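Note sheet for the following structure.
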Amino acid sequence: MKRRLLPGFGLSLGYTIIYLSLIVLLPLAALLAKASSIGWDALTHLLGSGRTLAALKLSFGGALVAALVNAAIGLLVAWVLVRYRFPGRRLLDALIDLPFALPTAVAGIALTAIYAPNGWLGRWLEPLGIHVAYTPLGVLVAMIFVGFPFVVRTLQPVLEALENDVEEAAMSLGATRAQTFFRVILPMLVPALLTGFALALARAVGEYGSVIFIAGNIPKQSEIAPLLIVQKLEQFDYAGAAALSVVMLTFSLLLLIAVSRLQRWSQRWTESRR
Amino acid sequence: MKPTTRPTAWPRKLAHAGLISVALLFLIVFLLLPLATVFYEALQQGLMAYVHAMAQPEALDSMRLTLLVAAIAVPLNLVFGVAAAWAMARFDFPGKSILGAFIDLPFSVSPVISGLLYVLLFGAHGWFGPWLDKHNIDIIFAVPGLVLATVFVTLPFVARELIPLMQAQGTEEEEAARVLGANGWQMFFRVTLPNIRWALLYGVLLCNARAMGEFGAVSVVSGHILGLTTTMPLEVEVLYNEYDYVGAFAVASLLAMLALLTLALKAVLEWRYGDQIASHNTARH
Chain A
188 MKRRLLPGFG LSLGYTIIYL SLIVLLPLAA LLAKASSIGW DALTHLLGSG
238 RTLAALKLSF GGALVAALVN AAIGLLVAWV LVRYRFPGRR LLDALIDLPF
288 ALPTAVAGIA LTAIYAPNGW LGRWLEPLGI HVAYTPLGVL VAMIFVGFPF
338 VVRTLQPVLE ALENDVEEAA MSLGATRAQT FFRVILPMLV PALLTGFALA
388 LARAVGEYGS VIFIAGNIPK QSEIAPLLIV QKLEQFDYAG AAALSVVMLT
438 FSLLLLIAVS RLQRWSQRWT ESRR
Chain B
153 MKPTTRPTAW PRKLAHAGLI SVALLFLIVF LLLPLATVFY EALQQGLMAY
203 VHAMAQPEAL DSMRLTLLVA AIAVPLNLVF GVAAAWAMAR FDFPGKSILG
253 AFIDLPFSVS PVISGLLYVL LFGAHGWFGP WLDKHNIDII FAVPGLVLAT
303 VFVTLPFVAR ELIPLMQAQG TEEEEAARVL GANGWQMFFR VTLPNIRWAL
353 LYGVLLCNAR AMGEFGAVSV VSGHILGLTT TMPLEVEVLY NEYDYVGAFA
403 VASLLAMLAL LTLALKAVLE WRYGDQIASH NTARH
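Which chain is which? The protein sequence lines are A and B, in order.
Residues in the first sequence are numbered consecutively from 188, following the numbering used here.
Residues in the second sequence are numbered consecutively from 153, following the numbering used here.
Encoded structure:
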């Protein structure tokens, strides 16, 4: 190791480790300890109950569908923002991050007001038999909202860095625009698209504030897993709440690992193509 | 940033217009409509009712509490972010990537679980519950719990902005300052801090927006003691559940204005100092 010319290694690293230990590690240890105290019978009872399974299915399934929708719409929006010039483009670009900046409770009550049977969109959708508020569809709408910026923001820099010459070469070799897009451009976007997809998925799985207002929270129908954790807590079932949390955290951590792998892959991918 | 300059045939122009329209429609329905709804509902019974709703003592208390929590949590994470970035971007040490993963961890924890962590630690049945109870210290269902939960969920923001920037900037200027005889703090305040100030401000901006808007984590640790542990997002929920829609949307409109202000400042920083804010150009948000 080279001689350290810069000062403050011990101080900064020490402070970082102590702070992280107090704020993150110690509480996580308490969670794991509580979760492991639940016992086998209670755990199988908890995870085997129809209500828990329905909530986990809604949280994970809904998040998966929302992330897929966001991947498709995000690709379109990123493409339009990077490739085309139209009035109001910069304003829209700044607004993409609204779901990050708007507090989730605010988003939750606003979405509920829009999709309620007498709301701006609800009053047109209800006669068509499409019920959004207080159904799993409402959960999906909220999950799409909160995860929307991820795909756009991961794709934008990649699209901006995309060299026009590759496309022009493909076109001059006789490829149609559709062929150029699907065979040349899309493959180059795949790593960023997957990263954005995974980030949107992770966000939607754990989402709480924006979902609980529009969901209606009907057990086995529109009840999400984070709400179940809150309910266990309110019934003083700390071990149950902790066990359910560990199940969700494990999934989030697997996603986190996948994202960091993807980012490393996409770095190598873009570098190999320079 | 390359606009297509070639002459385009009209079917292509039509296709462009179609794509732009679909994207615009989605953005209007999914982003602008919720935003407009907040202000529309807040003002539905006129300006007087709106002002009256915001002047309620509970609403004012929630604003005060939100400002207090952010005023404690943001500086804590600011100092942490600078320290963590200095250690991570300036030195190599074993376990560095694990440390980086732990700094990012709070972003992938559900807000509800973030709150639960502190209930299990400091709640009546938690690890330190009995001891705290004996010494009459309230953390859960009190302001310290709100602050801790907020610190947890906003922990990565500043560090995440600074680490890639400082890695990209390198160490030459700081090493030059040291060689010329500056002590550690002189180097930090005269070289490092001016170099990272815009990224630091950017991180603080995002950290503050989340700190003031956090709902799930503080909801779990608050216990909803009116006026004492109800922050603005929690007050929105309380009023909404009481069917006081004007009140709920009035408080929500303040939070929405904060969000718009955050987005505007963020856009200005990216536009004016984009080259000094590393994360703007990478795949992180």
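Backbone N, C-alpha and C fix where the C-beta goes; we use that ideal spot for every residue, glycine too.
Computed from a predicted model, the values in this text were never measured in an experiment.
Query                                                                                                                                                                                            : Result
If we cut at 8 Å on Cβ distances, does A/Trp-311 have a partner in chain B?                                                                                                                      : no
What's the C-alpha gap between B/Val-370 and A/Leu-315?                                                                                                                                          : 39 Å
Identify, in the order they occur along the chain, each residue of the same chain with its Cβ nearer than 7 Å to the Cβ of A/Asp-280, setting aside the five sequence neighbours on each side.   : Leu-268
Looking at the unbroken alpha helix (DSSP H) that takes in B/Ala-405, where does it start and where does it end?                                                                                 : Per the sequence shown, the amino acid found at residue 405 of chain B is Ser instead of Ala. Per DSSP, B/Ser-405 belongs to the alpha helix (DSSP H) from 397-425.
Under 6 Å Cβ to Cβ from A/Val-377, same chain only, skipping five residues before and after it: list those, please.                                                                              : none
Quick check: the stretch 263-277 of chain A against the stretch 342-362 of chain B, are at least 3 beta-carbon pairs closer than 8 Å?                                                            : no
Output yes if chain A places a C-beta closer than 8 Å to the C-beta of B/Trp-350; else output no.                                                                                                : no
Thinking just about the alpha-carbon of each residue, which of A/Leu-282, A/Leu-312 and A/Val-338 is nearest to the one in A/Asn-257?                                                            : A/Val-338
Roughly how many angstroms separate the alpha carbons of B/Arg-330 and B/Met-364, rounded to a whole number?                                                                                     : 39 Å
Note down the Cα distance separating B/Ala-435 from B/Gly-267, rounded to an integer number of angstroms.                                                                                        : Caution applies to B/Ala-435, whose pLDDT of 38 falls short of 50 and renders its modelled position unreliable; the value that the coordinates give is listed next. Cα to Cα, B/Ala-435 sits roughly 28 Å from B/Gly-267.
Give the residues from the stretch 326-342 of chain A that approach chain B closer than 8 Å (Cβ to any Cβ), ordered along the chain.                                                             : Ile-331, Phe-332, Phe-335, Pro-336, Phe-337, Arg-340 and Thr-341
Taking just the CA atoms, how far does A/Arg-390 sit from A/Gly-261?                                                                                                                             : 15 Å
Looking at C-alpha atoms only, which residue of A/Glu-347, A/Leu-381, A/Ala-320 and A/Ala-429 is the closest neighbour of B/His-277?                                                             : A/Ala-429
Step through the CB atoms of chain B and report whether any lies within less than 8 Å of the CB of A/Thr-471.                                                                                    : A query on residue 471 of chain A cannot be resolved here, the shown segment of chain A reaching from 188 to 461 and no further.
Check the C-beta distance from A/Ala-402 over to A/Val-353 and give it rounded, since I have them as a contact under 8 Å.                                                                        : The Cβ separation is near 45 Å, so there is no contact.
Which residues in chain A sit within 7 Å of B/Ala-175, going by Cβ to Cβ distance?                                                                                                               : Leu-263, Val-264 and Val-267
Answer with buried or exposed for A/Ile-296, where buried requires no fewer than 16 other C-beta atoms within 10 angstroms of its C-beta.                                                        : buried
Tell me, please, whether the stretch 378-386 of chain B touches the stretch 214-231 of chain B by the rule of three or more beta-carbon pairs shorter than 8 Å.                                  : yes
Are the stretch 187-197 of chain B and the stretch 386-404 of chain B touching, with three or more C-beta to C-beta distances below 8 Å?                                                         : yes
What does B/Trp-279 reach in chain A if we use C-beta pairs closer than 7 Å?                                                                                                                     : Ala-217
Quick check: the stretch 213-223 of chain A against the stretch 367-383 of chain A, are there 3 or more CB pairs under 8 Å?                                                                      : no
List, in chain order, every chain B residue whose beta-carbon is nearer than 7 Å to that of A/Tyr-425.                                                                                           : Leu-272 and His-277
Is the beta carbon of A/Ile-405 closer than 8 Å to that of A/Arg-340?                                                                                                                            : no
Using a Cβ cut-off of 8 Å (strictly closer), state whether B/Glu-210 contacts chain A.                                                                                                           : no
Taking all protein chains shown into account, do 16 or more other C-beta atoms lie within 10 angstroms of the C-beta of A/Leu-449, making it buried, or fewer, making it exposed?                : buried
Just mark B/Ile-429 as buried or exposed, buried being the case when its beta carbon has 16 or more other beta carbons within 10 Å.                                                              : buried
From the DSSP output, in three-state form, read off B/Pro-258 for me.                                                                                                                            : helix
Please work out which residues of its chain come closer than 7 Å, Cβ to Cβ, to A/Ile-416, disregarding the five sequence neighbours upstream and downstream, and give them in chain order.       : Ala-428, Leu-431 and Ser-432
Kindly indicate which three-state DSSP category B/Trp-279 falls into: helix, strand or coil?                                                                                                     : coil
Closest to A/Leu-200 by CA distance: which of B/His-204, B/Arg-424, B/Glu-210 and B/Met-240 is it?                                                                                               : B/Met-240
Identify which residue in B/His-204, B/Leu-272, B/Leu-166 and B/Phe-245 has its Cα closest to the Cα of A/Asp-424.                                                                               : B/Leu-272
Determine the direct distance from the alpha carbon of B/Ser-262 to that of A/Val-211, and round the result to whole angstroms.                                                                  : 14 Å
Compute the distance between the beta-carbons of B/Ala-351 and B/Leu-314, then report whether it is under 8 Å.                                                                                   : yes
According to DSSP, is A/Ser-432 part of a helix, a strand, or is it coil?                                                                                                                        : helix
Nearest to B/Trp-238 by CA position, among A/Phe-438, A/Ser-359 and A/Pro-194, is which residue?                                                                                                 : A/Pro-194
Please go through the same chain and pick out, in chain order, the residues whose beta-carbon is closer than 6 Å to the beta-carbon of B/Ala-408, but skip the five residues on each side of it. : Val-190
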